[in-house]
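Chains A and B, in that order, give the protein sequences.
For what it's worth, the working numbering labels the leading residue of the first sequence as 470, then goes sequentially.
For what it's worth, the working numbering labels the leading residue of the second sequence as 77, then goes sequentially.
Ideal Cβ positions, reconstructed from N, Cα and C, are used throughout, including at glycine.
Note that the structure is a prediction, hence the values are computed from the model and not measured.
One structure below.
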Amino acid sequence: MHELVEAGFGDFPALTGFALAALRDAGRPGVSLWVRQRTLSLEHGRVCGQGLVAAGLDPGRLLLVEARDRMEALRAVEEGARDKALAAVVAELDDMDFTAARRLVLASQDSGVPLVLMFPHKRSGATAAHGRWRVSAQPSMPDPHDQRAPGRPAWRAVLEKSRLRPGEAGRDFYLELHDETPCLRLVSGLATATPRPQPRRLGPALAGSSVGWRRTG
Amino acid sequence: MSAGDARDKAGSYRTEPSVTPPFVLTENGPAGLRVVAANAAAQDQGVEPGQRFADARARAPDLMAEPVDRDADARALKALALWMERWSPSLAIWGDDSLLVDITGGAHLFGGETAMLADIAGSLARGGLTARLGLAPTPGAAWALAHEGADRTCLDTPDLHDGLRGLAMAGLRLTDETLTLLRRFGLTRIGQLYDIDRKALARRFSSRQAAEAVLIRLDQALGRRTEPLDPIRPAPDHSVRLPCLEPLLHLDGVRAGLERLAPALSERLNQHGEGGRSFRLAAFRVDQSVAQLTVGAARPVFDPAHILRLFRDRLEQVDPGFGIELLELEAARTGPVTVVARGFGADFEGEAPDLAAISMLADRITARLGDRVVRILKPVASHLPERAEALSLYDGDLPDWRGAIPAGQAPRPIRLFERPETLEVIAEVPDGPPMRFVWRRIIHQVRRADGPERIAPEWWRPPPRPSRARDYYRVEDMQGRRYWIFREGLYGDGRGGPPAWYVHGLFA
Numbered sequence: 470m471h472e473l474v475e476a477g478f479g480d481f482p483a484l485t486g487f488a489l490a491a492l493r494d495a496g497r498p499g500v501s502l503w504v505r506q507r508t509l510s511l512e513h514g515r516v517c518g519q520g521l522v523a524a525g526l527d528p529g530r531l532l533l534v535e536a537r538d539r540m541e542a543l544r545a546v547e548e549g550a551r552d553k554a555l556a557a558v559v560a561e562l563d564d565m566d567f568t569a570a571r572r573l574v575l576a577s578q579d580s581g582v583p584l585v586l587m588f589p590h591k592r593s594g595a596t597a598a599h600g601r602w603r604v605s606a607q608p609s610m611p612d613p614h615d616q617r618a619p620g621r622p623a624w625r626a627v628l629e630k631s632r633l634r635p636g637e638a639g640r641d642f643y644l645e646l647h648d649e650t651p652c653l654r655l656v657s658g659l660a661t662a663t664p665r666p667q668p669r670r671l672g673p674a675l676a677g678s679s680v681g682w683r684r685t686g
Numbered sequence: 077m078s079a080g081d082a083r084d085k086a087g088s089y090r091t092e093p094s095v096t097p098p099f100v101l102t103e104n105g106p107a108g109l110r111v112v113a114a115n116a117a118a119q120d121q122g123v124e125p126g127q128r129f130a131d132a133r134a135r136a137p138d139l140m141a142e143p144v145d146r147d148a149d150a151r152a153l154k155a156l157a158l159w160m161e162r163w164s165p166s167l168a169i170w171g172d173d174s175l176l177v178d179i180t181g182g183a184h185l186f187g188g189e190t191a192m193l194a195d196i197a198g199s200l201a202r203g204g205l206t207a208r209l210g211l212a213p214t215p216g217a218a219w220a221l222a223h224e225g226a227d228r229t230c231l232d233t234p235d236l237h238d239g240l241r242g243l244a245m246a247g248l249r250l251t252d253e254t255l256t257l258l259r260r261f262g263l264t265r266i267g268q269l270y271d272i273d274r275k276a277l278a279r280r281f282s283s284r285q286a287a288e289a290v291l292i293r294l295d296q297a298l299g300r301r302t303e304p305l306d307p308i309r310p311a312p313d314h315s316v317r318l319p320c321l322e323p324l325l326h327l328d329g330v331r332a333g334l335e336r337l338a339p340a341l342s343e344r345l346n347q348h349g350e351g352g353r354s355f356r357l358a359a360f361r362v363d364q365s366v367a368q369l370t371v372g373a374a375r376p377v378f379d380p381a382h383i384l385r386l387f388r389d390r391l392e393q394v395d396p397g398f399g400i401e402l403l404e405l406e407a408a409r410t411g412p413v414t415v416v417a418r419g420f421g422a423d424f425e426g427e428a429p430d431l432a433a434i435s436m437l438a439d440r441i442t443a444r445l446g447d448r449v450v451r452i453l454k455p456v457a458s459h460l461p462e463r464a465e466a467l468s469l470y471d472g473d474l475p476d477w478r479g480a481i482p483a484g485q486a487p488r489p490i491r492l493f494e495r496p497e498t499l500e501v502i503a504e505v506p507d508g509p510p511m512r513f514v515w516r517r518i519i520h521q522v523r524r525a526d527g528p529e530r531i532a533p534e535w536w537r538p539p540p541r542p543s544r545a546r547d548y549y550r551v552e553d554m555q556g557r558r559y560w561i562f563r564e565g566l567y568g569d570g571r572g573g574p575p576a577w578y579v580h581g582l583f584a
């Protein structure tokens, strides 16, 4: 179970993209459950099927649950986390207390279903999750075919907390989404807009966690 | 067939004969206040339905009256009808005071027709309802017996002709004008119509239809013409019942009853190779009311454990009231169950998802969160982004998105707003991308932009529909956040004022 948190208001789409990339790279076939809380759907829109196709996922394999409040959303997430038939559970929640997180971790460990929870930027404090990533959008490098167009999506993900490897906490990763392959790739020097991305090995922070991405480079 | 007559309504439901004051229900008509219904005490003093209220009060000075509430009457009759389902699932409401119950093939369960009538009469009387019952092979004859015959008359097919002969003409469900007309001809008993020359009768009426109406009702009563019932709800595909020795007063009892009913229903479904997508638990209370609870499943199921799980979180909604004397579990919307053999391991299963497990999960979530929460995205053939996919109810199948997106379509955002939000934009006129925009009171400086992608209105759709073309831009601001922005309309397209800008979605 991993938590993804916005770095600032407005980074929710970046969070969504990051979660979807993680989901796809986890490589589990089957149907995923996507739980949304109504307030967050109103604020940041709903997940878009055609956009999912662009991100390399099959929208037909996604079960969407719209929960009226946090309690309902947590119930639905827990129900999904216990179900071995699912590929993954993704949830948009406004907040969660430690006990609820612990319940979900235990449910997810029993069934082996990966859990990805997305939170707004206000989320802080202790958590029972394996890790908490704070994700923000980054200015992209220009599109090689059109200098004025936005390039590939780029994010900065800071591993804020890590239960599995506490020593790795605080590391930050600059990631870029390759939409042709599609896969996530670590790049350095994004902020200075170096034209050529330089792949780097992923740190051991992700190894052993329930969310893994494909390694490139 | 039987027809119960709940003519004494509302005010006179629960009566204690010794102290009942004369009581009537009144209604305002064109000729002033009229009596609609009168209880026995009022009728003893000469008050009849149809009288003017002033006349009625003159006959019974201590008359109590209340305005009639026909909506409440109809609701009470409907509730009573639901409760009467304990005798037969096929039941219709006729007019504002009669119930028709089809007991074909069911009377032996209650010890024969006479015993069944006694059982119904006893149950209604315990609730303080005055009812008149009649039982006959046709709905029309049953109605006539209940309204004009002696109470609890029971007629079989050979006696039908003679049994109806002596009843008053009003038993044929005719309008007041027709009855008046027939009385003028000297026709007051049903039997008088038996040998009448049908053509001669038609000549007496102003129209053929009016004469036909009389003969149709006669034929229906005698079974020469079929009369289908219009049941209050469709008969369930399968149902099982559990009568309780003692009325159940607690939910634990209901739960235990359900645990016995579910395997029985499952057995029944299994014999037919079917599963139900909708299950209804009806708890018949002792006070002539029914508590109902309906749960749904995405795919047909017959597994008793799953049926129980669907009910588990909602069972608190069943109010035992003064006690439940009969539990009934029904399966509706049944369909064949497809049982798929599972592979030996993950290596053999391949990519095919376990649909049964997924729909069971959807059912569990529906049972906990409420109906209509589990949804799935279905592709729709449309150019407009808000129409191109439907967030439809999960019905047990996974839609196929292959080929749903036209080749070469510009990228779509990862999040879409249900309704586009307005923007204030500074852009190059006439059709440049935005340079700066204000969204939710924050200024965003555009760093990179891509577009436009023009999406024309779908003129072939019936209005209301958007009438202006849209130009979509993919823009990125200084923080690297990406937006899907469109300009509705063009400068000088002659379809309204200057174009407006909206944000429709957000890119990852």
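Closest residue to residue i among the options (Cα-Cα distance)
{"i": "A/MET540", "options": "A/PHE478, A/ALA557, A/GLY518, A/GLN506", "result": "A/GLN506"}
{"i": "B/ASP227", "options": "B/VAL501, B/LEU211, B/GLU462", "result": "B/LEU211"}
{"i": "A/VAL504", "options": "A/ASP480, A/ALA488, A/VAL534, A/PRO482", "result": "A/VAL534"}
{"i": "B/PHE583", "options": "A/ASP527, A/CYS517, A/VAL627", "result": "A/CYS517"}
{"i": "B/PHE129", "options": "B/ALA359, B/THR102, B/ALA116", "result": "B/THR102"}
{"i": "B/VAL579", "options": "B/PRO540, B/ARG259, B/PHE513, B/GLY556", "result": "B/PHE513"}
{"i": "B/LEU200", "options": "B/ALA157, B/ALA289, B/LEU231", "result": "B/ALA157"}
{"i": "B/ILE434", "options": "A/ARG640, A/GLY549, A/PRO583", "result": "A/GLY549"}
{"i": "B/LEU257", "options": "B/ALA287, B/PRO540, B/ILE272", "result": "B/ALA287"}
{"i": "B/ILE481", "options": "B/LEU469, B/ASP471, B/ARG463", "result": "B/ARG463"}
{"i": "B/ASP306", "options": "B/LEU175, B/ILE292, B/ARG162", "result": "B/LEU175"}
{"i": "B/ARG388", "options": "B/PRO429, B/GLY446, B/ILE400", "result": "B/GLY446"}
{"i": "A/HIS513", "options": "B/LEU492, B/LEU467, B/ALA407, B/ARG331", "result": "B/LEU492"}
{"i": "B/ILE400", "options": "B/ASP439, B/CYS320, B/ARG451, B/GLU465", "result": "B/CYS320"}
{"i": "B/ASP430", "options": "B/THR414, B/ALA486, B/ILE441", "result": "B/THR414"}
{"i": "B/ARG241", "options": "B/GLY225, B/THR254, B/LEU250", "result": "B/GLY225"}
{"i": "B/TYR624", "options": "B/GLY581, B/TYR559, B/ARG546", "result": "Residue 624 of chain B lies beyond the stretch modelled for chain B, which goes from 77 to 584, so this question has no answer here."}
Residue span of the alpha helix (DSSP H) that contains residue i, given as start and end
{"i": "B/LYS275", "result": "274 to 280"}
{"i": "A/THR568", "result": "567 to 580"}
{"i": "B/GLY329", "result": "327 to 347"}
{"i": "B/VAL290", "result": "284 to 298"}
{"i": "B/GLN119", "result": "116 to 120"}
{"i": "A/SER510", "result": "507 to 513"}
Residue i, buried or exposed, once every other Cβ within 10 Å from all chains shown has been counted against 16
{"i": "B/ASN104", "result": "exposed"}
{"i": "B/ALA593", "result": "Because chain B spans 77 through 584 in this model, residue 593 of chain B falls outside it and cannot be assessed."}
{"i": "B/TRP219", "result": "buried"}
{"i": "A/SER605", "result": "buried"}
{"i": "B/ALA136", "result": "buried"}
{"i": "B/GLY572", "result": "exposed"}
{"i": "B/ASP138", "result": "exposed"}
{"i": "A/ARG665", "result": "Note on A/ARG665: pLDDT 41, under 50, position unreliable in the model; no value is reported."}
{"i": "B/LEU325", "result": "exposed"}
{"i": "A/MET565", "result": "buried"}
{"i": "B/ARG510", "result": "According to the sequence as given, residue 510 of chain B is Pro; it is not Arg. Buried."}
{"i": "B/GLY262", "result": "exposed"}
Partner residues on chain A for residue i, Cβ-Cβ distance less than 7 Å
{"i": "B/PRO429", "result": "GLY499, VAL500, ARG530"}
{"i": "B/PRO475", "result": "GLY529"}
Chain A contact residues for residue i, given Cβ-Cβ distances below 9 Å
{"i": "B/GLY372", "result": "By Cβ distance, chain A contributes nothing, its closest Cβ being about 15 Å from B/GLY372, past 9 Å."}
{"i": "B/ARG558", "result": "PRO482, ALA483, ALA606, SER609, PRO619, PRO622"}
Terminal residues of the beta strand (DSSP E) in which residue i lies
{"i": "A/HIS647", "result": "641 to 647"}
{"i": "B/ARG444", "result": "B/ARG444 -> not in any beta strand (DSSP E); alpha helix (DSSP H) instead, spanning 431 to 445."}
{"i": "B/ILE400", "result": "400 to 412"}
{"i": "A/SER605", "result": "600 to 607"}
Within chain B, the residues that residue i reaches when beta carbons sit closer than 8 Å
{"i": "A/ASP615", "result": "ASP526"}
Chain A residues whose Cβ lies nearer than 8 Å to that of residue i
{"i": "B/GLU392", "result": "Chain A residues near B/GLU392: none, gap ~16 Å exceeds 8 Å."}
{"i": "B/LEU499", "result": "Going along chain A, no residue has its Cβ under 8 Å from B/LEU499, so there is no contact; the nearest lies around 14 Å."}
Contacts that residue i makes with chain B (C-beta to C-beta distance below 7 Å)
{"i": "A/GLY486", "result": "ILE490, ALA584"}
{"i": "A/LEU584", "result": "Within 7 Å Cβ-Cβ: nothing; A/LEU584 doesn't reach chain B, min ~15 Å."}
Chain C contact residues for residue i, given Cβ-Cβ distances below 9 Å
{"i": "B/PRO487", "result": "The displayed structure is made up of protein chains A and B, and chain C is not among them."}
Counting Cβ pairs closer than 8 Å, one from the segment 471 to 491 of chain A and one from the segment 586 to 594 of chain A, do we hit at least three?
-> yes
At least three beta-carbon pairs within less than 8 Å, the segment 336 to 354 of chain B to the segment 372 to 385 of chain B | yes
The segment 473 to 493 of chain B in contact with the segment 520 to 529 of chain A per 3-pair CB rule at 8 Å | yes
Specify whether the segment 557 to 564 of chain A and the segment 577 to 585 of chain A touch according to this definition: at least 3 beta carbon pairs, one from each stretch, less than 8 Å apart.
-> yes
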